[in-house]
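The sequence shown begins at 1 in the UniProt record's numbering and counts up one residue at a time. Cβ atoms here follow ideal geometry from the backbone N, Cα and C, with glycine treated the same way.
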Amino acid sequence: MEAVKRFFSSPRFAVAGASNDPAKFGYKILAWYHQHSLPVTPLNPRAAQINLPSRVYETVASPSKLASPTQTSLSVVTPPPVTLQVLQEAHSVGIPAVWLQPGTFDDRVLDYARGHFAAVIAGDGGVGYEGWCVLVDGEEGLEAAGVQWTSQRL
């Protein structure tokens, strides 16, 4: 839980693999941040915007394009080969904490992440049967970090 507290202590968040498709986890994770009134930036190199029902978010192409990467925790919702590339760039710009959603990592990705970030949330743990997931474990993490949030409509 210490890594989760560190993750949510950042003043900003980003979602790598954000999507306009409501069926995809990249959309659901972005929507979770939005619904919890957290400052979030979607990362998607092929879409200029992500459209939620109540807000349109401008995207950035990659971690190096974030306004304040050293103050941004990164949720990752990409396949393992893409995840490794995202993490390498995220490390190069000083992102302090990453949350690797289930299915986004393999052993190589985990080894890299654990060797290069102050906080890594991934793998076994959390409440859900698939391991740590923002959608399942995020609210408890916000509370543990003492983050005040308000719920807003999607």
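Who are residue i's beta bridge partners in DSSP?
{"i": "Pro11", "result": "Pro11 is not bridged to any residue."}
{"i": "Thr41", "result": "Ala14"}
{"i": "Leu100", "result": "Val76"}
Are the CB atoms of residue j and residue i within a distance shorter than 8 Å?
{"i": "Val127", "j": "Val98", "result": "no"}
{"i": "Glu89", "j": "Ser68", "result": "no"}
{"i": "Val76", "j": "Leu100", "result": "yes"}
{"i": "Phe8", "j": "Leu142", "result": "yes"}
{"i": "Ser73", "j": "Pro102", "result": "no"}
{"i": "Lys5", "j": "Ala144", "result": "yes"}
{"i": "Ser54", "j": "Trp149", "result": "no"}
Quick one: residues in its chain with C-beta nearer than 6 Å to the C-beta of residue i, no 5 flanking neighbours on either side, listed in chain order?
{"i": "Pro42", "result": "Val15, Ala18, Leu30, Ile50, Tyr57, Thr59"}
{"i": "Tyr33", "result": "Phe13, Val40"}
{"i": "Asp137", "result": "Gly126, Val127"}
Do you know how far the Cα of residue j is from the Cα of residue i?
{"i": "Leu110", "j": "Val93", "result": "19 Å"}
{"i": "Leu134", "j": "Arg46", "result": "Rather than Leu, the amino acid found at residue 134 in this sequence is Val. Rounded to whole angstroms, Val134 to Arg46 spans 24 Å at the Cα level."}
{"i": "Ser151", "j": "Glu130", "result": "25 Å"}
{"i": "Met1", "j": "Trp132", "result": "10 Å"}
{"i": "His91", "j": "Phe117", "result": "7 Å"}
{"i": "Leu84", "j": "Asp124", "result": "19 Å"}
{"i": "Ala23", "j": "Glu140", "result": "24 Å"}
Specify, as a first and last residue, the run of the beta strand (DSSP E) that residue i falls within.
{"i": "Gln49", "result": "49-52"}
{"i": "Ser75", "result": "72-76"}
{"i": "Ala119", "result": "119-121"}
{"i": "Leu66", "result": "Here Leu66 belongs to no beta strand (DSSP E), and DSSP marks it neither H nor E."}
{"i": "Tyr27", "result": "Note, Tyr27: premise wrong, no beta strand (DSSP E); alpha helix (DSSP H) at 25-35."}
{"i": "Val56", "result": "55-58"}
Can you give me the Cβ contacts of residue i inside the same chain, cut-off strictly under 7 Å, excluding the 5 residues immediately before and after it?
{"i": "Gln71", "result": "Ser10, Pro11, Arg12"}
{"i": "Gln35", "result": "Ser151, Gln152, Leu154"}
{"i": "Val147", "result": "Phe8"}
{"i": "Ser62", "result": "Leu43, Pro45, Glu89"}
Quick one: what's got a C-beta closer than 8 Å to residue i's C-beta in the same chain, skipping five residues either side?
{"i": "Ala113", "result": "Leu87, Val98, Leu100, Phe105, Val120, Ala122"}
{"i": "Val48", "result": "According to the sequence displayed, residue 48 carries Ala and not Val. Excluding residues within five positions, the ones whose Cβ falls inside 8 Å are Glu58, Thr59."}
{"i": "Asp21", "result": "Tyr27"}
{"i": "residue 158", "result": "No statement about residue 158 is possible, as the shown extent of the chain runs from 1 to 154 and does not include it."}
What first and last residue would you give for the alpha helix (DSSP H) that runs through residue i?
{"i": "Tyr112", "result": "107-116"}
{"i": "Arg142", "result": "Note that residue 142 is Leu in the sequence shown, not Arg. That run of the alpha helix (DSSP H) goes 134-144."}
Distance cutoff 8 Å, beta carbons only. Does residue i sit that close to anything in chain D?
{"i": "Trp99", "result": "As a matter of chain content, chain D is missing from the structure shown, which is built from one protein chain."}
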